[in-house]
Every structure is written in structure tokens, then in C-alpha cells.
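Down below is the structure, laid out as C-alpha cells.
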Amino acid sequence: MTHEKIEKQFWRYVLPSMLTMLLSGFYAIVDGYFVGNALKDAGLAAINIGWPIASFILAVSTGIGVGGSVLISTYRGAEDENASRQAKGNTLMLLCLFAILSITLIFISTPWLLRLFGAKGEVYDLAYEYLFVIVLGSSLQIFGTGCTPILRNSNRSIQAMLIMLFSLFTNIVLDAVLVPSMGMSGAALATVAAQGFSALFCLLLIFTDKKNPLKRSDFVLNKRMCKNIIRIGVSPFGLTFSPSIVIIFANWQCLNYGGEIAVAAYSALSYVLQATMELLHGIGEGVQPLISYCNGAGRHDLVRSLLRRARRLVMLLGILFGVLIVAFDSLIPIIFGASSEAGVMIESACLISSVAFFFAGLVKCYSSYFYAIRETRASTLLIYGDPLLLTPLLMLILPVFFDINGIWAVLPLTQIILCAAALLIDIKKENLKLEGKA
């Protein structure tokens, strides 16, 4: 990939990444659709309360995969193929280590975590039934999720998208077959099996790469390399997991202000929000390999040009999605089998939440940009400022004044604040670079 062709590669990388991220968001939607229609509000509430645990597995895998892939592209841009290959081998080894840890530690902690999240009675039983299978099959999800960024940053973004498409199709078919007879465990089994296919195909492509084949020495863990993978991976981990931290706080407040019906309403809404946010996230993730490559090659002019194109795209799509979610809000409770009471809540939630997409797209774009150029402090601030500071604070304050609508207002207000912070950080860093050149 020559420097002159970088900008022409924009759509070749971004479109497959958008579709891949959208398809990954559809995993939860597919489970929600079949479970909601089979088990109604209790099933929706159970998946939503248990989702942060399943999401943690996916988020760590994404963090390791993206952290390694940023180094792969950066070293390729610097024309250091040996280091690029070693980054790939060390990333795979870190995924192996996490797979071993997840089956033991997460499995043991699941029961008390569900109680901490507020699960009781039927909702607890259904959530545990779902997570029992998810955690047992977590190694398949870890490799299915963690290897996708490696493919994207190895000039195989089209293959990564096709694997995700096949995996999603498998999930849909298995959900349709298993959920009616097995309930929550059937939904979980369908997800694990589909991710297993994804892991298999991703690993086959990685190990049959003839352009820069892996050597045995590449799998020997290098302390400095692993430290860099984890340091960079903290940001994409947060991008993936922060919505689940938000879900935890939202579930607590929904239980306080609207009971199980409010949790079911938030669950149905969160499926739509997650899929849309994943697509917007895909723009930043798609352009990230190009930005990392240009940054490694010292081409700051191309880095800024790519950022501008990504910004324009997320703003345009953010406006479009905001309009669409309001126009079709009445379909959401029908699709997910929510009750009429939950449906009323969903419609008001859609109207309030629609404002968030424009700002959320910019926040996700800047988060990916900052860790692509290895400005991890800036990306960490944007990513973790939401779930660890703004959302908990606003979740406590807004419902006191606006009741249940205060919960829906947290998302747009949080994204507006973070977007302003992202723009200020970017302007400050660019001014510092200009002063350094003067």
C-alpha cells in the first residue's frame, strides 16, 4: 500500500468495517428478537441485565485484537515487517491467555455479579441460564472477536466482513431452531456456535498468510510488545464495554423508577442503539489502519485528511439515524415483543435519544483517531469519562427532576459533553504541533 494511494483506500477500508461492526451489533439484536418474542418482558430484561458480563468478554477480546492490529499497521508503515509479524503473534498469544482465564474467573463470579446488577427471581434464572452457556463457550467468542481486527489491518477487511456475515447468518438460523425449544440457553448456544465458525475462518486466514507468514519465534511473548498492545487496547476495550457499564446504571434506575417494564423498554431500545453506535464506531475503526500506517510513515498531512473525511461521514450518518429512529419508533416494541406499556416508554425514549447520534459518532471517531496515532491518554479520557464519571453522575441527578425521561436524557447530554471535550483536545494538540514547527 503506497502513500499516494492512501486516500483512495478510504472507502475500501471504511465500508467493510462499518458493515462488520454493524453485523457484530446484530448478534445482540438477533438474540433479543427471538428471546423477546418467546419470553416477552422477562426475557428482554434478563438478557439486558446479563449482557454486561457477556460484553466484558467481547470487549477484552476487542481490546487485545485492536491493540495488536494498531501495532501491526504502524510497523508496516515504518517498513518493519519483522516487528509487524511479532505483534501479530503476541496478539494471538494474549488472546489464548485470556481464553483460559475467562472460563474460570468469569464463570465463578457470574452469580454474584447478576445479583449486584439487580437480577431477582425469574429474571435471575433466565440471565444465569443464558450466561452459563456464553461463558463456557467464551474461548470461541474471544478468537472470533479478537482476530477480526487483525484481518482488517492485514489488508483483508473484505474477508473479515464476509466472515462476520456468514457468522451472523448462522446465528439467525440457529436462534430460529434452538430458542423455541431451549429458551435462553438456545440463544446462547446459537451465539457461541456462530462465533466458533468466525474464529475458525479467521485463524485459517491468519495462519495461511503467504505474504508475511508467522514464525514460531513470533509467538514468544515480548514484554515491551505486550505492554504496548495492552496500553493501546485499553481504549478499544472501553469503546466496546462502556455501553455495558451504562446499561448497569440504567438498569438500576429503570428498576427504581419503572420496574421490570422499564428495564424491558430500555433493553429493546438498547438493541437499536447498540447496532447504530456500532456502525458509527465502524467508521473510526475502518479508517484506523490507514491512520496508523500514515502515522508510522510520518505523513501527518494524510492523517489529518483521513480524519476530516471520517468526521464528515459520521456527522451525516448521525443526522440520518436520528431522523430514522424517531420515524420508526413504533416498530421497535413490535419487533422485540415488548408489552404495550413498554412500547409507550420506548417511543418517548427514541425521541429524546435521537439527538445523541450526531455527537456520539464524532466521539467514537475521535476516540479511534487518538489511539490510532497512539495518543492513548486522550482516547482513554473520552472513552472512560462516559461510564465512570458522566453517566453515573447524570443517572443520579436527571431522574430526580425528570423521572423516567431523565434516564433517556443521559445519553444525549453525555455525548454532547464528550464531543466538546474531543474537539478541544484535538485543537489543543494541533496548535502544539504548529508551535513546535514554528
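Counting from 6, one number per residue, gives the positions in the sequence shown under the working numbering. Backbone N, C-alpha and C define an ideal beta-carbon position, used for all residues, glycine too.
Cβ neighbours of residue i in the same chain (closer than 7 angstroms, five flanking residues each side left out)
i	result
Leu1	As displayed, the chain neither begins before 6 nor continues past 443, which places residue 1 out of reach and without an answer.
Ala26	It should be noted that the sequence gives Met, not Ala, for residue 26. Cβ neighbours of Met26 beyond the five flanking positions: Glu283, Leu284, His286, Gly287 and Glu290.
Phe341	Gly37, Tyr38, Gly41, Leu49, Ala273 and Tyr276
Cys231	Asn95 and Leu99
Gly348	Pro338
Leu253	Here residue 253 is Ile; the residue named in the question, Leu, does not match the sequence. Once the five neighbours on either side are set aside, the close Cβ partners of Ile253 are Pro57 and Phe122.
Ile34	Tyr276 and Ala280
C-beta atoms of residue i and residue j nearer than 9 angstroms
i	j	result
Tyr389	Ser247	yes
Tyr18	Val308	no
Ile235	Leu76	no
Ile266	Met400	no
Met187	Leu28	no
Leu110	Leu278	no
Leu2	Phe112	Because the chain is modelled from 6 through 443, residue 2 falls outside the range shown and cannot be assessed.
Phe364	Gly323	yes
Tyr376	Pro241	yes
Ile330	Ser310	no
Ser222	Gln91	yes
Gly301	Ile409	no
Asn256	Ile54	yes
Lys438	His305	yes
Ser143	Ile108	yes
Phe148	Leu208	yes
Ala43	Val184	yes
Tyr374	Leu321	no
Where residue i falls: helix, strand or coil (DSSP)
i	result
Glu84	coil
Glu380	coil
Pro218	coil
Val65	helix
Phe148	helix
Ile58	helix
Asp408	coil
Leu226	coil
Val138	helix
Asp36	helix
Val360	coil
Ile11	coil
Asn160	coil
Arg304	coil
Thr79	helix
Lys232	helix
Gly123	coil
Asp334	coil
Ser344	coil
Gly327	helix
Thr213	coil
Gly188	coil
Gly238	helix
Gly263	coil
Close Cβ partners of residue i (< 6 angstroms) along its chain, the five nearest in sequence each way excluded
i	result
Asp334	Glu352 and Cys355
Ile139	Ala59 and Ala193
Met98	Phe224 and Leu226
Gly411	Leu403 and Pro404
Ser89	Ile77, Tyr80 and Arg81
Gly243	Ile388 and Tyr389
Cys259	Ala267, Val268 and Tyr271
Val251	Pro392 and Thr396
Closest by C-alpha distance to residue i, when choosing among the options
i	options	result
Ser159	Ser240, Leu274, Leu210 and Phe174	Leu210
Leu119	Gly142, Trp56 and Gly72	Trp56
Gly70	Ala88, Leu156 and Leu437	Leu156
Gly68	Ile409, Gly191, Asn233 and Lys228	Asn233
Val128	Phe31, Ile52 and Gly327	Ile52
Val319	Gln293, Ala343 and Lys369	Lys369
Phe326	Gly366, Ser89 and Met350	Gly366
Ala280	Asn217, Phe362, Cys299 and Cys207	Phe362
Phe5	Thr153, Phe202 and Ile163	Any answer about residue 5 is impossible in this case: the structure gives the chain only from 6 up to 443.
Thr419	Leu398, Phe407 and Asp431	Leu398
Thr196	Phe31, Thr396, Phe206 and Asn256	Phe31
Glu84	Asn217, Ala343 and Arg316	Asn217
Lys93	Lys220, Val178, Gly126 and Gly191	Lys220
Leu205	Phe254, Cys152 and Ser384	Cys152
Phe171	Leu183, Ala199, Ser190 and Asp180	Ala199
Arg229	Ala332, Gly73, Glu380 and Lys125	Gly73
Pro294	Leu44, Ile430 and Ile378	Ile378
Ile11	Ile34, Arg382, Cys299 and Thr381	Cys299
Phe61	Ala104, Leu24 and Glu86	Ala104
Thr213	Arg161, Leu24 and Ala124	Arg161
Cβ shell of residue i (< 8 angstroms), same chain only, five flanking positions each side left out
i	result
Ala426	Leu386, Leu387 and Gly390
Thr115	Ile58, Tyr133, Leu136, Phe137 and Val140
Leu20	Gly291
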